[in-house]
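Worksheet for the structure shown next.
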Amino acid sequence: MIKANSRTADYPIDPLFLERWSPRAFTDAPISEGELLTLLEAARWAPSSFNSQPWRFLYARRETKHWPQFLGLLSDYNQSWAKNAAALVILVSKMTLLPRGADEEVPSYTHSLDAGAAWANLALQATRSGWAAHGMAGFDVARTARELRVPANYRVEAAIAVGRPGDKSLLPDPLRAREQPSDRLRLSQLAWEGGFQATPAG
Ligand SMILES: Cc1cc2nc3c(=O)[nH]c(=O)nc-3n(C[C@H](O)[C@H](O)[C@H](O)COP(=O)(O)O)c2cc1C
């Protein structure tokens with residue numbers, strides 16, 4: 012059994028997978044552009060279909076003129092804690108790709124999956140580097156596309172808050188109660204040798 016924080020893995024894995032979680036309490040530590048680019052560097056080494064690398068990253072650090080605009084794209088709930096993050100990243104994916112040997116782009120079946128792999132790399136590198144990355148779907152996607160000039164053949168996938176994890180006492184009461192690593196479904200509810208099996212997980 013592998014243990015880290017409150018989590019236990021049933022099969023032997025690198026503890027990094029347990030150590031990565033999504034806190035909302037961040038200290039006010041700023042992130043340098045180089046430190047943030049290290050996280051995006053990890054993201055860009057993700058695998059993707061046809062090596063199409065559909066991920067794009069738009070970012071704002073807290074001390075920059077872009078910050079108020081990026082923060083303002085988030086839902087009120089996400090703003091309430093992400094305002095203390097060191098950086099916000101908007102993850103975008105290109106919905107078309109150029110297959111090897113082809114001369115025209117075709118719709119990509121996997122652009123969101125590939126972008127998700129990049130997000131996972133980013134989050135794991137953040138943990139390894141002493142930062143934390145917290146994914147968010149709670150933001151105004153249409154306004155993000157418009158204000159950040161995302162072209163029509165790109166999909167706005169997610170927002171990501173990056174910060175130096177801090178003590179949960181930094182959070183207001185309702186958030187403080189939820190500030191702990193979550194658990195997971197059992198692997199036997201998710202993985203089957205052979206065909207799909209209906210389980211309580213659905
Ligand atoms: C794509 C995505 C969107 C998410 N959206 C939000 C969000 O809008 N607000 C929030 O507080 N947490 C959000 N989360 C965090 C998840 O709730 C969290 O990852 C999940 O509960 C698992 O917990 P862990 O990341 O701490 O392991 C999001 C996570 C992902 C990956």
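Going by our numbering, the sequence shown opens with residue 12, and the numbers climb by one from there. Yeah, the Cβ is synthetic: ideal placement off N, Cα and C, and Gly gets one too. Owing to the predicted nature of the structure, the values given are computational and were not obtained by experimental measurement.
Strand pairing of Tyr22, partner residues [DSSP]: None; Tyr22 has no bridge partner.
Heavy atom of ligand 2 within 8 angstroms of Ala54 beta-carbon: Although ligand 2 was asked about, the structure shown includes only ligand 1 as ligands.
Pro110 versus Pro185: straight-line alpha-carbon distance, rounded: 49 angstroms
Residue from Ala15, Trp66 and Gly149 with nearest C-alpha to Glu52: Trp66
Of the residues Arg154, Ala172 and Ser119, the one placed nearest Trp92, counting alpha carbons only: Ala172
Cβ-Cβ distance between Phe37 and Ala97 below 9 angstroms: yes
Neighbour-count burial assignment, Thr210, 16 or more Cβ in a 10 Å radius: exposed
DSSP-derived helix/strand/coil call for Tyr120: coil
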